[in-house]
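**Q** Under full-length UniProt numbering, the residue at position 285 of the sequence shown is numbered 285, and the numbers go up by one with no gaps. Just so it is clear, CB atoms sit at the ideal spot from N, CA and C, and this is done for glycine as well. Every value quoted in this text rests on a predicted model; they were computed, and no experiment measured them.
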Amino acid sequence: MSDRLIVMGIESSCDETGVGIVEWAPGSSDGPVRLLADEVASSVAEHARYGGVVPEVASRAHLEAMVPTMRRALAAAGVEKPDAIAVTIGPGLAGALLVGVAAAKAYALAWDVPLYAVNHLGGHVAVDTLEHGPMPPCIALLVSGGHTHLLRVTDLGQPIEELGTTVDDAAGEAFDKVARLLGLGYPGGPLIDALAADGDPSAIAFPRGMTGPRDARYDFSFSGLKTAVARYVEGCERRGEPVPTADVAASFQEAVADVLTMKALRACADFDTTTLVLGGGATANSRIRSLAQERCDAAGITLRVPKPRLCTDNGVMIATLGAHVIAGGAAPSPLTVATDPGMSVQVSAY
1 MSDRLIVMGI
11 ESSCDETGVG
21 IVEWAPGSSD
31 GPVRLLADEV
41 ASSVAEHARY
51 GGVVPEVASR
61 AHLEAMVPTM
71 RRALAAAGVE
81 KPDAIAVTIG
91 PGLAGALLVG
101 VAAAKAYALA
111 WDVPLYAVNH
121 LGGHVAVDTL
131 EHGPMPPCIA
141 LLVSGGHTHL
151 LRVTDLGQPI
161 EELGTTVDDA
171 AGEAFDKVAR
181 LLGLGYPGGP
191 LIDALAADGD
201 PSAIAFPRGM
211 TGPRDARYDF
221 SFSGLKTAVA
231 RYVEGCERRG
241 EPVPTADVAA
251 SFQEAVADVL
261 TMKALRACAD
271 FDTTTLVLGG
281 GATANSRIRS
291 LAQERCDAAG
301 ITLRVPKPRL
311 CTDNGVMIAT
321 LGAHVIAGGA
331 APSPLTVATD
341 PGMSVQVSAY
């Protein structure tokens, strides 16, 4: 076996066409994994006028971007072809996943290299190893526009245990909807974060969903919080008062960060875990990161957060998970493998 293995990852679950390439040392089950290329083509600007992702628009954008993005990644990595291909098989938008999986199958067949169909959510956890090295057993909090999950991770090459998830809106989805209420545009996460910097997070007592003694211990709910923001804004307008948008943004953001980090630290305590990993695009939010750090420091928990670019959807996270799946001894996926838009986080690969 070669002293290195080059793994290409393809990500097309939503509105980013990502192709990443990593290098893995086969002699070590923990890696090391080294980043060689990270190329992303985003169609977010095409969705902005609709206020959210339009599946058909995303699929067409992937079709246009896939080959150029793959070629840029190979050029950046300085390789002619990878030794293995990992691709997001699910969860995600059905049409968008089909584009990436079809491309990955074609490349695997043309280059005569093995294909590994892996879990998008597991990729968000695995990518942290690029910055912080081998991952010990940990609790992982994944927060994005489509997902909010609290996970227990023992080994990246093995199934991940889901402790809790959202029962309605994902946290990132709530950010987008509140941004729309405030007339800020799309995507809402960065806009809310920037506006909140000028607001008072204690100005408005927005509710903390599913935090009562009888509520599910690790599940989340943000629909009620979104509704509370809408009612507050409507009340201001009905009374002819200006909406204090900065205070609304800061107070809303504080409510989301409070619940997310509180439940994550609760899971760390319940499972006697000393490491918390954050992943997903919404964890680029400054308050989620800072509050998580404050609470981890107070509890003696090590917080691991990838840099913001690696938190959003990208091919590197899929390549990294693919490397760990290979290290775990998984067999390659058949070229007949089908996409799984509703794939459970507890399935690492097919």
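#1: Take L291 as the anchor and find which of L182, F271 and A255 has the nearest alpha-carbon.
#2: Between the C-alpha atoms of D200 and P207, what's the straight-line distance to the nearest angstrom?
#3: With a 10 Å radius around its C-beta and 16 neighbouring C-beta atoms as the bar for buried, classify M262 as buried or exposed.
#4: On the premise that A96 lies in contact with S12, defined as a C-beta separation below 8 Å, what is that separation, rounded to the nearest angstrom?
#5: Tell me the rounded alpha-carbon separation between Q293 and V229.
#6: Mind checking R295: buried by the 16 CB within 10 Å criterion, or exposed?
#7: Exposed or buried, which one is P242 when buried takes at least 16 other CB atoms within 10 Å?
#8: Could you name the residues of the same chain whose beta carbon sits closer than 7 Å to that of A126, not counting the 5 residues immediately before and after it, in chain order?
#9: With distances taken from CA atoms, which of A61, H62, V167 and V178 is nearest V233?
#10: How would you write the range of the alpha helix (DSSP H) that A84 sits in, first residue to last?
#11: If you run the structure through DSSP and keep just helix, strand and coil, what is F222?
#12: Taking DSSP's pairing of strands, which residues face V33 in a bridge?
#13: Does the distance from the CB of G146 to the CB of A170 come in under 8 Å?
#14: I need the straight-line Cα distance from A102 to W111, nearest angstrom please.
#15: L141 and L5 - do their beta-carbons sit closer together than 8 Å?
#16: Rounded to whole angstroms, what is the Cα-Cα separation between C236 and P244?
#17: T339 to I288, Cα distance in whole Å?
#18: Per the DSSP calculation, M8 is bridged to which residue(s)?
**A** Checking against the coordinates, here is how it stands:
#1: Taking the sequence shown and counting its residues from 1, the one referred to as residue 291 is at position 291. Out of L182, F271 and A255, the CA that lies nearest to the CA of L291 is found in A255.
#2: The residue you call residue 200 lines up with position 200 of the sequence shown. The residue you call residue 207 lines up with position 207 of the sequence shown. Each residue's alpha carbon lies about 16 Å from the other.
#3: For the purposes of this step, residue 262 is identified with residue 262 of the sequence shown, where counting begins at 1. Exposed, because fewer than 16 other Cβ atoms sit within 10 Å of the Cβ of M262.
#4: Residue 12 sits at position 12 when you count from the first residue of the sequence shown. Residue 96 sits at position 96 when you count from the first residue of the sequence shown. Indeed they touch by this definition, with Cβ atoms about 5 Å apart.
#5: Within the sequence shown, numbered from 1, the residue matching residue 293 stands at position 293. Within the sequence shown, numbered from 1, the residue matching residue 229 stands at position 229. Q293 and V229: Cα-Cα distance of roughly 26 Å.
#6: Position 295 of the sequence shown, counting from 1, holds the residue named residue 295. Its Cβ being crowded by 16 or more others within 10 Å, R295 is buried.
#7: As a working note, residue 242 is residue 242 in the sequence shown. Its Cβ having fewer than 16 others within 10 Å, P242 is exposed.
#8: Residue mapping note: residue 126 aligns to position 126 of the sequence shown, counting from 1. Here A126 has L156, M317, T320, L321 and H324 as same chain residues with Cβ atoms under 7 Å from its own Cβ, once five neighbours each way along the sequence are excluded.
#9: For this step, residue 233 is matched to residue 233 along the sequence shown. Out of A61, H62, V167 and V178, V178 has the C-alpha closest to the C-alpha of V233.
#10: One-based indexing of the sequence shown puts residue 84 at position 84. First-last for A84: A84 to G90, but that is the beta strand (DSSP E), not the alpha helix (DSSP H).
#11: One-based indexing of the sequence shown puts residue 222 at position 222. If DSSP states are grouped into helix, strand and coil, F222 belongs with coil.
#12: Position 33 of the sequence shown, counted from the start, is the residue given in the question as residue 33. As computed with DSSP, V33 is found in a beta bridge with W24.
#13: If you number the sequence shown from 1, residue 146 lands on position 146. If you number the sequence shown from 1, residue 170 lands on position 170. Yes, the Cβ-Cβ distance between G146 and A170 is below 8 Å.
#14: The sequence position of residue 102 within the sequence shown is 102, counting from 1. The sequence position of residue 111 within the sequence shown is 111, counting from 1. The alpha-carbon separation between A102 and W111 amounts to approximately 14 Å.
#15: Here residue 5 refers to the residue found at position 5 when the sequence shown is read from its first residue. Here residue 141 refers to the residue found at position 141 when the sequence shown is read from its first residue. When the beta-carbon positions are compared, L5 and L141 stay at least 8 Å from each other.
#16: Translated into the one-based positions of the sequence shown, residue 236 becomes position 236. Translated into the one-based positions of the sequence shown, residue 244 becomes position 244. Just so you know, the alpha carbons of C236 and P244 end up roughly 9 Å apart.
#17: In the sequence shown, counting from the first residue as 1, residue 339 sits at position 339. In the sequence shown, counting from the first residue as 1, residue 288 sits at position 288. A direct Cα-Cα distance of roughly 32 Å separates T339 from I288.
#18: Your numbering for residue 8 matches position 8 in the sequence shown. Answer by DSSP bridge pairing, in chain order: I21 and I85.
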